[in-house]
Structure formats: C-alpha cells, structure tokens
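Residue numbers (my numbering): 27 to 524. Glycine included, each C-beta is placed from N, C-alpha and C at the ideal position.
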Ligand code: ADP
Ligand code: MG
C-alpha cells in the first residue's frame, strides 16, 4: 500500500545554498506531522514546494501514490494542499469575506452578490469555529485571527493537507490554545497537517509523528511516542549538546602568549594581573559593571587612559593603540557585534576580510581573489549559513552574524583572541558550533580570553575563570573547582569571610 503523502528524493537549490538535499519521508493521513530543524534547515522550503510556491529541482511528491507537481499555489489548492503562512497571505484592504471568496466571487447580473458572499464566508468561518465578522478588513485583524481566516480559506476550499509554518510564533496563549483545539478537530475530520515549529513542547503535545531536517537533509521520521526532546535536539544539531568535554582541556599548554601586569584604568578596573598560555581559554566572570568589557577593550588598545604592562609572545605592547594591538596579533570580538563587530551593510566576504585587509592589500589595492578565497574558507569552516559570500550581513541570523564576527579575526590569524559574549543572541545549535570552534582554536594553540554572563558557558569551555568584582580580580577558579555557586559567591563578594 502506498503512503498517503510521500516526499521522494526532493532536492531544491537556491543560488549558493542546497536548501533541500534528497529528502524522502512519508506522512500518514489524518495525522499532525511535525517538521522541525534549526533556522535554515529547509522546513519552509519543503512546505512551499508542497504548496506550489516553489518547485523542486528534482524528486517527487506523491499523494496516494500519484505524483503531483503544483506549479502555483492555486494548482496546489486544486490538488487539496494549502499552506498557512506567517507572512500576510491576503489583501489587507479587502474584507474577510472578499478574501475568502476571492477565487470565486458570487455574482448576480454583473454585480458581486453581497448577500451570498457574506453567507458563504460566514459558513467557511463557522467551519473552523472562527468568530470573526466577515465584513472586517483583513488588515485590521491580529495575526492569530488572520491565520484563522487562512485556515478557514484552506478548509473551505476543500484542502486535505494543510502546511502550517510556525503558526504560533506570534500568537497569544489563548489564540494558541484555540489553534490546538482546531487542529484536533481538523484531524478528526481526516485532514492531514504538516506542522512546522521550533517549539518542542508544542510538537510533543500536538503531533503524531516528527520529521527532523538538518542542513537540508532528512535526518529522521519517527512516531512522537518513540522519541524525546533531547533526542530531537541531538538530531537537529547533529551531535549531543555539551555532552563531551572540550578536547583542548586534555592538551599540554604552550608558552605564555598574553601577559597582563598591573593593568589599570581609572574608574574601570584596577591592578589586573593574569596571563594566558597558548592553547588556553580563560574565562572572565563578573556582574554587570564589574569591568569585564572595559578590560578586554583596554587590552585591545581602545582605552587611552589604561596604564600598566601588556606583552604578547614576550614582546611588550604599546598601550592605547589598536594598530599596535593588531600588529601584535590580538583580535577582539566585541559584545555588541551590530555596533562594533561587523559592518552590516557590507557583505560576508567584505566583513570577513575586514581585519585582514592589510594582509590582503598590495600597493594599496585589495587583492579580490585573496579576499574571496579567505571568505570562502571561513564560511565553510565556521559553517556559516549564507546564500553566498556576497550576501549582506544584515540579513543573516544572529548566530551566523556572530560566526562572521569570529571569522573576521580568524582570517587575520590572530594568536590572542579577546571574545566578549561569544553567543549572545545565538540559537542553541549555533551556540554549540561556536563552542566547538573555540575548542578547535585552542587546540591550534591560540590563547583566548572569553567574557560571558552565562556561567554554564564559561564552565563548559574554560580551563580557568577569573572573577572580576568592582574592577578588581576577586579570585580565580580552576576547572576542578568550577561550580556556579562558588563563582557567584565570588562575583557577589559573599566569600569575603571565608
Ligand atoms: P527554515 O524554514 O528551516 O528556517 P528555509 O527553508 O527557509 O529554512 O531555508 C533553507 C535554506 O534556503 C536557507 O539557507 C535559506 O537561506 C535558503 N533560502 C530559502 N528561501 C530562499 C530563497 N527564496 N532564495 C534564496 N535562498 C533561499
Ligand atoms: Mg522557515
């Protein structure tokens, strides 16, 4: 017996991105089928191919064994497939009734038959339990109610398969509860739902089966009752989260790369002394205002008031000069990458090459090829998801922007990296990738100073953690003694008596 709905070796390429790579799985009739994966995994693309928004490059979609290839959303509708989009799918300045009947406006003697129009719309809305006045303009509805109208349109035009792409992302709690009830009703009527969401609880509460996509590839399809959230996360990101200790911790440390002595800046920090060896990741913890960011920025030459001694690879560094810091092999990935780290109006290639420009410039000209090679290398190495290295950085997700901020310094081949909040605003999978990357860099012998407000992050990746309090080093904790409680006590100054 053939499956109700089958994706068979579906492949779709966009310029520079393989959005779907040979994806095959089946969906049972009358079920709610979860589609999950990280940003960019290909979920929306798959839904849009089914709903006729895009066409696949190769592969097939079959309904009850018959291949379908809708060339437009209208054709998909005729085949019984509809998609509920996040984006506005209707004409905002037409009424709910007009939008619902747009494809087939009732007419009488050349005029639109308003009575029939309203009656038909009312019936469509009632079929999905939507209490919405058909005369309301679409543009004045909340997202949740507009979505309901989209579902009414789908059901009212006889859809048997409905793709819902992150339907709850902008719904209130009650709207979400209403939607879940409706999904139950639709299932009971034999409709099949493909439910795209990041929200694990929802999927486990609502869906019968789950399909995981990763980087455009099909990873698993299984009954929801046979899996658990942790397993799904592992499938989504391709490895267990924080399951292994970083490899750099087992390596021998090299010579001291960064040495900071009697380093002070009035009002920011005072008498800071520490050093970092090749292959070592040292964390900096502290509460807001403890001077963490001020310290890393001063080391990088951004504080003209700073005094003391810094040496890199045993060579003294002239303080207060970014040019000297750069020349000495220092790199800074700042906390606010939008303001300080990246030029969002530049593309990925330009941002990656930014810090390395002096190395790529000959006789005052940037060597384009060298720049392109560099950007390509790091885009691959950091698994940056971008349509191309020419894409504007502003359009990428936070995680990918952060990776480019890192790439920028790696491209310059800095020996000492100062990293302020490496994963702020980054999603769970990209976080794990960034940790992995920091680990690889340490294994290569780079020295890193990592500032973070997330103690578990520091505990996960560092060999030692320096705790700053009110601009001074309140203590240093080595890996064997790591615990959130002890670090917090130091941060807050509660251990003074101990
Ligand atoms: P998801 O919905 O899982 O977040 P998408 O299906 O939207 O992922 O995207 C998959 C990949 O295809 C991403 O790398 C994305 O940048 C790319 N992509 C999606 N739509 C387009 C498009 N219209 N043009 C170019 N690239 C696209
Ligand atoms: Mg999507």
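Cα-Cα separation between residue 284 and residue 64, rounded to whole angstroms: One-based indexing of the chain shown puts residue 284 at position 258. One-based indexing of the chain shown puts residue 64 at position 38. Whole-angstrom Cα-Cα distance: 37 angstroms.
Using 10 angstroms around the beta-carbon of residue 127, count the other beta-carbons present and answer buried if the total reaches 16, otherwise exposed. Locating residue 127 in the chain shown gives position 101, where the first residue counts as 1. The residue in question, residue 127, is buried, as its Cβ has 16 or more Cβ neighbours within 10 Å.
Under 7 angstroms between the Cβ atoms of residue 444 and residue 358? Indexing the chain shown from 1 puts residue 444 at position 418. Indexing the chain shown from 1 puts residue 358 at position 332. Closer than 7 angstroms, so yes.
Any chance you could list the beta strand (DSSP E) runs of at least 3 consecutive residues sitting entirely within the stretch 192-274, in chain order? Counting whole runs of 3 or more residues, the stretch 192-274 contains the beta strand (DSSP E) stretches 218-222, 235-240, 243-249.
Tell me whether residue 429 is buried or exposed, calling it buried when 16 or more other Cβ atoms sit within 10 Å of its Cβ. Taking the chain shown and counting its residues from 1, one reaches residue 429 at position 403. Classification for residue 429: buried.
Taking all protein chains shown into account, do 16 or more other C-beta atoms lie within 10 angstroms of the C-beta of residue 523, making it buried, or fewer, making it exposed? The residue given as residue 523 occupies position 497 in the chain shown. Low confidence applies here, because residue 523 scores a pLDDT of 42, under 50, leaving its location unreliable and the question unanswered by this model.
How far does the beta strand (DSSP E) with residue 183 in it reach, from first residue to last? Within the chain shown, the letter at position 157 stands for residue 183. Here residue 183 belongs to no beta strand (DSSP E), and DSSP marks it neither H nor E.
Using the Cα positions of residue 174 and residue 156, report the straight-line distance between them to the nearest angstrom. Within the chain shown, numbered from 1, the residue matching residue 174 stands at position 148. Within the chain shown, numbered from 1, the residue matching residue 156 stands at position 130. If I take the Cα positions, the gap works out to 7 angstroms.
Taking 6 angstroms as the cut-off, is the CB of residue 537 close to at least one heavy atom of the ligand MG? The structure shown does not extend to residue 537, since the chain is modelled only from 27 through 524, so no value can be given for it.
Spatial neighbours of residue 460 within its chain, please: C-beta separation below 6 angstroms, excluding the five flanking residues on both sides. Sequence index remark: in the chain shown, residue 460 carries index 434 (1-based). If we look at residue 460 and ignore the five residues flanking it on each side, its Cβ neighbours are 448, 449.
In terms of DSSP beta bridges, what is residue 49 paired with? Working through the chain shown from its first residue, we reach residue 49 at position 23. DSSP, once it has assigned bridges, lists 36 as partnering residue 49.
Just to confirm before moving on: does the CB-CB distance between residue 334 and residue 289 stay below 7 angstroms? Along the chain shown, one-based indexing puts residue 334 at 308. Along the chain shown, one-based indexing puts residue 289 at 263. By the CB criterion at 7 angstroms, residue 334 and residue 289 fall inside the cutoff.
Boundaries (first-last residue) of the alpha helix (DSSP H) holding residue 101: Taking the first residue of the chain shown as 1, we reach residue 101 at position 75. First-last of the alpha helix (DSSP H) with residue 101: 99-104.
Residue 84 in three-state terms, based on DSSP: In the chain shown, residue 84 corresponds to position 58, counting from 1. Note: residue 84 maps to strand in three-state DSSP.
Contact check, residue 62 vs residue 118, beta carbons under 7 angstroms: Here residue 62 refers to the residue found at position 36 when the chain shown is read from its first residue. Here residue 118 refers to the residue found at position 92 when the chain shown is read from its first residue. Contact flag unset, no.
Out of 248, 422, 433, which has the shortest C-alpha to C-alpha gap to residue 66? Along the chain shown, one-based indexing puts residue 66 at 40. Of 248, 422, 433, the residue nearest in Cα terms is 422.
Leaving out five residues on either side along the sequence, give the residues of the same chain with a beta carbon under 7 angstroms from the beta carbon of residue 473. Position 447 of the chain shown holds residue 473. 283, 284, 302, 303, 304, 306, 441, 442.
Would residue 177 and residue 154 be called neighbours here (beta carbons separated by less than 7 angstroms)? Along the chain shown, one-based indexing puts residue 177 at 151. Along the chain shown, one-based indexing puts residue 154 at 128. Yes, the Cβ-Cβ distance between residue 177 and residue 154 is below 7 angstroms.
Residue 58 and residue 232 - do their beta-carbons sit closer together than 7 angstroms? One-based indexing of the chain shown puts residue 232 at position 206. One-based indexing of the chain shown puts residue 58 at position 32. In this structure, residue 58 lies closer than 7 angstroms to residue 232 by Cβ.
Note down, in chain order, each residue of its chain lying with its Cβ closer than 6 angstroms to the Cβ of residue 455, except the 5 sequence neighbours on either side. As a working mapping, residue 455 is identified with position 429 in the chain shown. 64, 263, listed in sequence order.
Does the Cβ of residue 488 have 16 or more other Cβ atoms within 10 Å, making it buried, or fewer, making it exposed? Residue mapping note: residue 488 aligns to position 462 of the chain shown, counting from 1. By the 10 Å Cβ count, residue 488 comes out buried.
Secondary structure of residue 409, DSSP reduced to three states: Position 383 of the chain shown, counting from 1, holds the residue named residue 409. Residue 409 falls in the coil class under three-state DSSP.
Can you find the residues in the same chain that come closer than 7 angstroms, C-beta to C-beta, to residue 238, ignoring five residues on each side of it along the sequence? Translated into the one-based positions of the chain shown, residue 238 becomes position 212. Result list for residue 238: 62, 63, 245, 246, 258, 261, 262, in chain order.
Going by the DSSP bridge assignment, what does residue 426 pair with across the sheet? Counted from its first residue, the chain shown places residue 426 at position 400. Paired residues: none, contrary to the question.
List the whole-angstrom C-beta distance separating residue 405 from residue 415, where the pair is believed to meet the contact cut-off of C-beta under 8 angstroms. Locating residue 405 in the chain shown gives position 379, where the first residue counts as 1. Locating residue 415 in the chain shown gives position 389, where the first residue counts as 1. Yes, they are in contact, since the Cβ atoms of residue 405 and residue 415 sit about 6 angstroms apart, within 8 angstroms.
Tell me whether residue 332 is buried or exposed, calling it buried when 16 or more other Cβ atoms sit within 10 Å of its Cβ. By one-based count along the chain shown, residue 332 stands at place 306. Label assigned to residue 332: buried.
From the DSSP output, which residues share a beta bridge with residue 474? Working through the chain shown from its first residue, we reach residue 474 at position 448. DSSP output for residue 474 lists 307, 443 as bridge partner(s).
State yes or no: is the C-beta of residue 70 nearer than 6 angstroms to some heavy atom of the ligand MG? Working through the chain shown from its first residue, we reach residue 70 at position 44. Answer for residue 70: yes, Cβ within range of the ligand MG.
Using a 10 Å radius around the Cβ and a threshold of 16 neighbouring Cβ atoms, would you call residue 349 buried or exposed? Indexing the chain shown from 1 puts residue 349 at position 323. Looking at its Cβ environment, which holds fewer than 16 other Cβ atoms inside 10 Å, residue 349 is exposed.
I want to check one thing, is the minimum distance from the CB of residue 238 to the heavy atoms of the ligand ADP below 6 angstroms? In the chain shown, residue 238 corresponds to position 212, counting from 1. Not so, every heavy atom of the ligand ADP lies at least 6 angstroms from the Cβ.
Reducing DSSP to helix, strand and coil, say where residue 522 ends up. Taking the chain shown and counting its residues from 1, the one referred to as residue 522 is at position 496. Any reading at residue 522 must be qualified, since the residue scores a pLDDT of 48, below 50, and its modelled position is unreliable; the value itself is stated next. Here residue 522 sits in coil by DSSP.
Quick check: the Cα distance between residue 249 and residue 93, rounded to an integer number of angstroms? Residue 249 sits at position 223 when you count from the first residue of the chain shown. Residue 93 sits at position 67 when you count from the first residue of the chain shown. The straight-line gap from Cα to Cα measures roughly 25 angstroms.
Using 6 angstroms as the cut-off, classify the Cβ of residue 193 as near or not near the heavy atoms of the ligand NAP, replying yes or no. Looking at this structure, you won't find the ligand NAP anywhere; what it does contain is the ligand ADP and the ligand MG.
Taking only three categories from DSSP, how would you classify residue 297? Your numbering for residue 297 matches position 271 in the chain shown. In this structure, residue 297 counts as strand in the three-state DSSP scheme.
For the ligand ADP, I want to know if residue 66 counts as a neighbour, meaning its beta carbon is within less than 6 angstroms of at least one of the ligand's heavy atoms. To locate residue 66, count along the chain shown from 1; it is residue 40. Distances between the C-beta of residue 66 and the heavy atoms of the ligand ADP include at least one below 6 angstroms.
If you check the beta carbons only, do residue 106 and residue 185 fall under 7 angstroms apart? Numbered from its first residue, the chain shown carries residue 106 at position 80. Numbered from its first residue, the chain shown carries residue 185 at position 159. Closer than 7 angstroms, so yes.
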